[in-house]
Amino acid sequence: MSICLSGNEAVAFAMKQINPDVMGAFPITPSTEIPEYFAQYVANGEVNTEYVTVESEHSSMSVCIAAEAAGARSVCATSSCGLALMYEMLYVAASNRLPITLACVNRALSGPININNDHSDSMGARDAGWIQIYAENNQEAYDNFIMAMPVGENVRLPVMSCMDGFITSHAVENIELLETDAVREFVGEYKPENYLLKKENPLAVGPYDISAYYMEHKVQQAEAMKAAKARLLVVAAQFEKFSGRRYGLFEEYRMEDAELAVVLIGSSAGTAKAAVDGLREKGVRAGLIKVRVFRPFPGEELAKALSKVKAAAVMDKSEGFSANGGPLFAETRSALYDLKERPYLIDIVYGLGGRDLKTEDVEKIFARLAEVAVTGKTGDVYSHMGQRRRSQHESGL
Amino acid sequence: MIKAKDINEQTPWEDLTPGGEIYEPGTAREFDTGTWRTDTPVFLADACKHCMLCVPFCPDSAIPVKDGKRLQFDFMHCKGCGICVEVCPFAAIKMVSGGEGA
Numbered sequence: 002m003s004i005c006l007s008g009n010e011a012v013a014f015a016m017k018q019i020n021p022d023v024m025g026a027f028p029i030t031p032s033t034e035i036p037e038y039f040a041q042y043v044a045n046g047e048v049n050t051e052y053v054t055v056e057s058e059h060s061s062m063s064v065c066i067a068a069e070a071a072g073a074r075s076v077c078a079t080s081s082c083g084l085a086l087m088y089e090m091l092y093v094a095a096s097n098r099l100p101i102t103l104a105c106v107n108r109a110l111s112g113p114i115n116i117n118n119d120h121s122d123s124m125g126a127r128d129a130g131w132i133q134i135y136a137e138n139n140q141e142a143y144d145n146f147i148m149a150m151p152v153g154e155n156v157r158l159p160v161m162s163c164m165d166g167f168i169t170s171h172a173v174e175n176i177e178l179l180e181t182d183a184v185r186e187f188v189g190e191y192k193p194e195n196y197l198l199k200k201e202n203p204l205a206v207g208p209y210d211i212s213a214y215y216m217e218h219k220v221q222q223a224e225a226m227k228a229a230k231a232r233l234l235v236v237a238a239q240f241e242k243f244s245g246r247r248y249g250l251f252e253e254y255r256m257e258d259a260e261l262a263v264v265l266i267g268s269s270a271g272t273a274k275a276a277v278d279g280l281r282e283k284g285v286r287a288g289l290i291k292v293r294v295f296r297p298f299p300g301e302e303l304a305k306a307l308s309k310v311k312a313a314a315v316m317d318k319s320e321g322f323s324a325n326g327g328p329l330f331a332e333t334r335s336a337l338y339d340l341k342e343r344p345y346l347i348d349i350v351y352g353l354g355g356r357d358l359k360t361e362d363v364e365k366i367f368a369r370l371a372e373v374a375v376t377g378k379t380g381d382v383y384s385h386m387g388q389r390r391r392s393q394h395e396s397g398l
Numbered sequence: 098m099i100k101a102k103d104i105n106e107q108t109p110w111e112d113l114t115p116g117g118e119i120y121e122p123g124t125a126r127e128f129d130t131g132t133w134r135t136d137t138p139v140f141l142a143d144a145c146k147h148c149m150l151c152v153p154f155c156p157d158s159a160i161p162v163k164d165g166k167r168l169q170f171d172f173m174h175c176k177g178c179g180i181c182v183e184v185c186p187f188a189a190i191k192m193v194s195g196g197e198g199a
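First to last, the protein sequences are chains A and B. Count along the first sequence from 1, then add 1; that gives the number in my numbering. Count along the second sequence from 1, then add 97; that gives the number in my numbering.
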């Protein structure tokens, strides 16, 4: 069924179709609409979800943790500072191996306070032990949320299903919805082997872990994250069978014979694909890789996809303040290290706090890549674009 | 399903429960937490009237009761906090320094 929905409404609709047991609900721009729409479904009796309103995001995640441990499938939505306030509980959810599903509507983190899109919120939580899946558009936001539970519940890790704030969450697009019965069959029932409400078998969750055990439990978590990669592909293949829509760990766009490529995450892919198409018409062998799954990071697969490229630019929509490039760059460059012949690689930090990205900006990046490919000189490996500056003649973009 | 008593500091990571979950209640009984003690209560049986006030006050359930009489402390679980000494109306418990007692 084709329908016109915003990204937030699409995710709320996916939640309705799944009919989860519990929602921990707290509003924050731009994710507020998700619990708002869902509250209507609850009020209308369209779902039988226990809708728990709380006083903070620390508590909304705590509600999800307790409910999931009790054996109830739990969902949540947040953005920016809300995700930051959950920070402690994100780790608790992951380390207690509770497969909660969180819709993260990406927004810049304070300060200065800003409500617009970048990836600094979820990138800050990248080491929390959550699977992270990023959507380019409303359709992907909807599809990714439906695929989240069959992945997370299988490997016992929580899943953050991310989309870009406002650009995706509030823009209205035509998307294809799946039949509710088919969604329910695909997602299935949440059937944990052990849970707090299983009366035959009392359970303790989250006991104190002394140093003689902690390391072993972290290895278990690390192994689960590695296993998640294969599971993501299995679930994507099953999803394709009934939806007709194909997903991988990342999307390769016009990469077959690409000499120059950009690597990025999220809605900017739409803009960058348009730029790639334009460049292709002019004979430039341009390509694009859109990373869909950031955790687990598809390092080997990405290295293979970039192995034939002469020069590539990683586009980071979060700073990271490592003074050595953004988080996507760090992961990508690390992944390329094992290649015998590596492409030249630069990092462009862009789009912070809602700074717009235009096709011309992407074309400028490709122009720079063309120069790097010819001269072999990368110049400033790590630079920012889109900011005002005193001189237009400074190095970089 | 693995029991807590079958898990120890030699258990490999593959055999531990996910997230350290424990699939049974009351596993504190299995662990010798009395080693944490730096002061030790001494039970003076002659002075004890078996009023049982000390029993519910003990935070570690370390004062066993049988047939209406309190028995010697369970030193495997007593942490030596001394609350029992404070609540005893008959001076039937005294504290001595050291984890092993006097």
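The beta-carbon is built from N, C-alpha and C at its ideal position, and this holds for glycine as well.
Close CB contacts of A/Val173 within its chain, under the 6 Å cut and outside five residues either way in sequence, are with Cys5 and Ser7 (chain order). In the three-state DSSP reduction, A/Leu250 falls in the coil class, being neither helix nor strand. Ranked by how close their Cα comes to the Cα of A/Thr181, the residues A/Phe243, A/Tyr191 and A/Gln222 have A/Phe243 in first place. The contact set of B/Ile99 on chain A, defined by CB atoms closer than 9 Å, is empty, because the minimum CB distance reaches about 11 Å.
For A/Arg108 against A/Pro31, the beta-carbon gap comes to about 6 Å, under 8 Å, which counts as contact. The contact set of B/Glu106 on chain A, defined by CB atoms closer than 8 Å, consists of Ala213 and Tyr214 in chain order. Only those residues of the region 112 to 141 of chain B whose C-beta falls short of 7 Å from the nearest C-beta of chain A are listed: Leu113, Pro115, Gly116, Gly117, Glu118, Ile119, Tyr120, Glu121 and Pro122.
Under the three-state reduction of DSSP, A/Lys365 is assigned to helix.
Cβ contact annotation for A/Ser123 (same chain, cutoff 7 Å, sequence separation greater than five): Leu84, Cys105, Asn107, Gln133, Met161 and Cys163, in chain order. Within the DSSP secondary-structure output, B/Asp171 pairs in no beta bridge. Between the alpha carbons of A/Leu289 and A/Phe146 lies a distance of about 24 Å.
In this structure, A/Ala237 is the residue among A/Tyr254, A/Glu302, A/Ala237 and A/Met256 with its C-alpha nearest to the C-alpha of A/Arg247.
For A/Leu204, the residues of chain B that pass the 8 Å Cβ criterion are Glu118, Ile119 and Tyr120, in the order they occur in the chain.
Taking C-beta atoms as the reference points, A/Arg98 and B/Pro115 count as a pair closer than 8 Å. DSSP lists A/Thr79 and A/Cys163 as the beta-bridge partner residues of A/Cys105. Residue nearest to A/Tyr215 within the set B/Met98, B/Gln107 and B/Lys102 is B/Gln107 (criterion: CA-CA distance). Under the three-state reduction of DSSP output, B/Lys102 falls in the helix class. Under DSSP, A/Arg296 shares a beta bridge with A/Gln133. Contact between the region 248 to 263 of chain A and the region 307 to 314 of chain A is present: three or more C-beta pairs spanning the two stretches fall below 8 Å. Interface annotation for the region 83 to 102 of chain A against chain B: Ser96, Asn97 and Arg98, criterion Cβ-Cβ distance under 7 Å. Under the DSSP assignment, A/Ser7 falls outside any alpha helix (DSSP H), being part of the beta strand (DSSP E) whose first and last residues are Ser3 to Ser7.
Taking 8 Å as the cut-off, the Cβ atoms of A/Phe251 and A/Pro299 count as close.
In the three-state scheme derived from DSSP, where H, G and I count as helix and E and B as strand, A/Thr33 is classed as coil.
Excluding the 5 residues flanking it on each side, B/Gly131 has same chain C-beta neighbours closer than 7 Å at Phe172, Met173, His174 and Cys175, in chain order. Counting of Cβ neighbours within 10 angstroms places A/Leu110 among the buried residues, the total reaching 16 or more. For A/Gly125, the enclosing alpha helix (DSSP H) begins and ends at Ser121 to Gly125.
A/Ala314 is not a Cβ neighbour of A/Ser323, given a cutoff of 8 Å. With respect to the C-alpha of A/Met90, the residue from A/Ile266, A/Met62, A/Ala78 and A/Ile35 having the closest C-alpha is A/Met62.
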